[in-house]
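*Asks:* Handing you this structure, nothing more for now.
In our numbering, the protein residues as written are 11 to 245.
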């Protein structure tokens, strides 16, 4: 860790606050998070912890950014470990990394992708970039696949509204990618479908037996999503 001793000590304390906050999140839920309780487990008086985190909303924001970065790091590592010349394998690795992380961190996953916390609004300027790391990775993967001739586009593109066309252009400009409208709209569909599928499993919506083999079911669903994206099988 770089920086002055004071900066290193502050970073270490902030890391401990996030760690304890995530433990409390798992036990008590987001709505019941308390800085006083975090301070107690940290071993300091409540006034001391306010020097690092000013209120509960700030703690929630820290937990959001930490969670988004953690799942983003897991996805990036999985994609990097997949064959560089096989975009479909990279997408499958991405999907598996999302599911693996979500099942290992259900409480943090619920904070990121579950019901909103009453009275809390995540600040866009701090959460939008880390919060879109996974779909960004997927769309950049698709752009690379298209450039390599490994992404099949629909035979006929559907007409879209001017407002949607402007929104899709905003995605291109923000991410610096070159994907046609039909690829972007399918990308949004697959992104939301992937997280919806994972959410059903994390939140127990498949029932107590989860169809007997939820991992095998996920692989079938993931392959279908790769097909929907238009990612070709390696020949």
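Just so it is clear, CB atoms sit at the ideal spot from N, CA and C, and this is done for glycine as well.
Small disclaimer: the values here were computed from a predicted structure and weren't measured.
Secondary structure at residue 161, three-state DSSP: helix, strand or coil?
*Replies:* strand
*Asks:* Residue 24: which of 67, 65, 72, 41 sits nearest, CA to CA?
*Replies:* Residue 72 is the option with its Cα nearest to residue 24.
*Asks:* Who are residue 241's beta bridge partners in DSSP?
*Replies:* Looking at the DSSP assignment, residue 241 forms a beta bridge with 161.
*Asks:* Beta carbon of residue 109, beta carbon of residue 228: below 9 Å?
*Replies:* yes
*Asks:* Below 8 Å, can you find three or more Cβ-Cβ pairs linking the stretch 54-62 to the stretch 130-138?
*Replies:* no
*Asks:* Quick one: Cα of residue 140 to Cα of residue 22, how far?
*Replies:* 21 Å
*Asks:* Please report the straight-line C-alpha distance between residue 198 and residue 154, rounded to a whole angstrom.
*Replies:* 17 Å
*Asks:* What number of angstroms, rounded off, separates the C-alpha of residue 242 from the C-alpha of residue 149?
*Replies:* 15 Å
*Asks:* So is residue 37 buried or exposed if we call it buried at 16+ other beta carbons inside 10 Å?
*Replies:* Answer is exposed; the Cβ neighbour count stays below 16.
*Asks:* With distances taken between CB atoms, is the gap from residue 120 to residue 107 smaller than 9 Å?
*Replies:* Note that the C-beta distance between residue 120 and residue 107 is not below 9 Å.
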